[in-house]
Amino acid sequence: MDQTIEMPIIKGMPKENLVDCLLSYKKETMLTIAEQHAIPVKKSHTKIKLAETLAAQLPEQFVKHYQSLETAERDVLSAYANGKPVNETAIDSADQKKLVESGYLFLFLDQGQFHPTVPQELAVKLTENVSEIPFSDENQANWFAATKRAVETIYGHCSPDHLLTAWNTHATQTMTIKTIKE
């Protein structure tokens, strides 16, 4: 039995920053996102004012809300933020809908192709979850920092998943995602 799930889709080229993504929505959709995050806005505000208010507060809301997301939702966000191709069959549409309605993920439809986009401001917040990890060996600590810088140089930011993959591929001491996030 097929189930139809409706979620906001933006027609046009994908945008990279949060304000532009939000401005692509209708005013009602932005008001719904503001209401969901308890961000004080007025219905009389213009679209630009709404987008600016949301863009100022959504990244901080994202940081607070990130740990309460399910693992599958965090994986989807990380994959889309890093530009990794995601196996569409592995994505639960309900999880994706929740992320879209929260204003963390934007679905663009351009020339018949869907382009899920995580705005730069939120992608940066994903990388900030990677904290410094204590090491017993200073060479490993230096190598860890160099790996993080290299991943940031190549991809523009460093997600915990990318860092974990790079580290475990080349280091003798393997780590888990839990270790990296601590």
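Letter by letter, the sequence shown follows residues 0 to 181 of numbering that gives the first Met the number 0. Think of the CB as a built atom: it goes at the ideal place given N, C-alpha and C, for glycine as much as any other residue. No experiment lies behind these values; they were computed from the predicted model shown.
Opposing strand residues paired with residue i [DSSP bridges]
i, result
"T116", "F105"
"K10", "L108"
Buried versus exposed, by CB contacts within 10 Å (16 or more), residue i
i, result
"E72", "buried"
"N81", "buried"
"A33", "buried"
"I153", "exposed"
"T164", "exposed"
"S43", "exposed"
"G11", "exposed"
"K124", "buried"
"S183", "Residue 183 falls outside the range modelled here, since the chain spans only 0 to 181, and no answer is possible."
"T45", "exposed"
"N167", "exposed"
"Q60", "buried"
"S67", "exposed"
"T116", "buried"
"T173", "exposed"
"A145", "exposed"
"A149", "exposed"
Best match in the options for proximity to residue i [C-alpha to C-alpha]
i, options, result
"E69", "A149, E120 and D94", "D94"
"P13", "E51, Y79, V75 and K46", "Y79"
"M6", "K147, M174, V99 and E127", "V99"
"H114", "I176, M174 and F105", "F105"
"A55", "A144, N16 and K83", "N16"
"P58", "K96, R148, V18 and S92", "V18"
"A50", "S77, Y65 and G102", "G102"
"L53", "I8, P118 and I9", "P118"
Worksheet item: Within the chosen definition, does the segment 110 to 120 reach the segment 25 to 34 through at least 3 CB pairs nearer than 8 Å?
Response: no
Discussion item. I'd like to know if the segment 34 to 43 and the segment 14 to 25 are in contact, where contact means that at least 3 CB-CB pairs between them fall below 8 Å.
Written reply: no
Worksheet item: Going along the chain, which unbroken runs of the beta strand (DSSP E) with 3 or more residues stay wholly within the segment 46 to 103?
Response: none
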